[in-house]
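Input: a single structure, listed below in structure tokens.
Residue numbers (the numbering used here): 55 to 199.
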């Protein structure tokens, strides 16, 4: 979840209606004509769960802006701290690749911080090919097929 999402919806998550509104908003963000903040692109959000436990999320951006081409990429993921170092991030990225392919993305740009060795390993384990470093970000192209 991004800070903006938590600020906008977090206070309503305790009720089924409020949480449903958040889920509905997430679904709407995948639609090309949905309103979104300036600079944001259509994106598909997937949650990674184990039984009833939320473990993390994926954001698959349908296209790139100049800013996303520099640092954000097509696919972003995060795993809650208590679920890290158990292979979830590798499995999550693997699961995202066919979704990206279905959106017409042949090779997905995935980035990580220069100092995030764990994320680099996740990307490389999924076939990521190092492209370059831009500032504090490493950029990889990952085939989706």
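Ideal Cβ placement from N, Cα and C applies to all residues, glycine included.
Sheet register partners of residue 97 (DSSP bridge): Locating residue 97 in the chain shown gives position 43, where the first residue counts as 1. Looking at the DSSP assignment, residue 97 forms a beta bridge with 115.
8 angstroms Cβ cutoff met for residue 164 and residue 127: Along the chain shown, read from residue 1 onward, the residue named residue 164 stands at position 110. Along the chain shown, read from residue 1 onward, the residue named residue 127 stands at position 73. Closer than 8 angstroms, so yes.
With 16 other Cβ atoms within 10 Å as the buried cut-off, status of residue 102: The residue labelled residue 102 in the question sits at position 48 within the chain shown. Looking at its Cβ environment, which holds 16 or more other Cβ atoms inside 10 Å, residue 102 is buried.
Residue 124 versus residue 189: straight-line alpha-carbon distance, rounded: Counting from 1 along the chain shown, the entry for residue 124 is found at position 70. Counting from 1 along the chain shown, the entry for residue 189 is found at position 135. One C-alpha to the other measures close to 9 angstroms.
DSSP beta-bridge partners of residue 129: Here the question's residue 129 lines up with position 75 in the chain shown. BP columns for residue 129 point to 114.
According to DSSP, residues forming a beta bridge with residue 187: Counting from 1 along the chain shown, the entry for residue 187 is found at position 133. In the DSSP output, where bridge partners are listed per residue, residue 187 has 192.
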